[in-house]
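Peer 1: Using the UniProt record's numbering, the first residue of the sequence shown is number 1, and each one after it goes up by one.
The beta carbon of each residue, even a glycine, is placed where N, CA and C say it ideally should be.
Here the structure is a predicted model, which is why all the values come from computation and not from measurement.
The structure that follows is given in the form of structure tokens.
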Amino acid sequence: MEQETEAPLQASNDTIGRENVTCDEREPLEEVFLRESFQQCKNGRALVKDLLLRLDQGRAALQDTAQLLKGVAGAEGAYAKAYKKLGKESLSKGEGPTLKNATEAVCAYAPEVAK
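Next up, the structure:
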């Protein structure tokens, strides 16, 4: 029973990282609070910087994706035009579209897609 009562008393005399400190040697509570608050602000500032960096990276990734989607949309549009033209030509000749003809037609309508 004595050990149970002594442990909490000893713990109550401890302050941040120091053991067996008497009440007279403790830091004023305001200083401890200010130091801890300052550290939390520094940690928060670091977190905000990290989040801003991640947002910038995400924005760049979204812009890259948008560019890719524009390219895909352009290729789809070129393919649709080429297929339509090829279909008309093939039907007039009495034959169906072939992969070779489709590729040639797409390259004719969108040379940047052929690259």
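Given that a residue counts as buried once 16 or more other Cβ atoms are within 10 Å of its Cβ, and exposed if not, what is A82?
Peer 2: Classification for A82: buried.
Peer 1: Just the C-alpha distance for G66 and K49, rounded to the nearest angstrom, thanks.
Peer 2: A small correction: the amino acid at residue 66 is Ala; Gly does not occupy that position in the sequence shown. Cα-Cα distance, rounded: 26 Å.
Peer 1: When we look at the beta-carbon of A78 and count the other beta-carbons within 10 Å, is it buried (16 or more) or exposed?
Peer 2: So A78 counts as buried.
Peer 1: Between the alpha carbons of K84 and L51, how many angstroms are there, rounded?
Peer 2: If you take the alpha carbons of K84 and L51, they lie about 48 Å apart.
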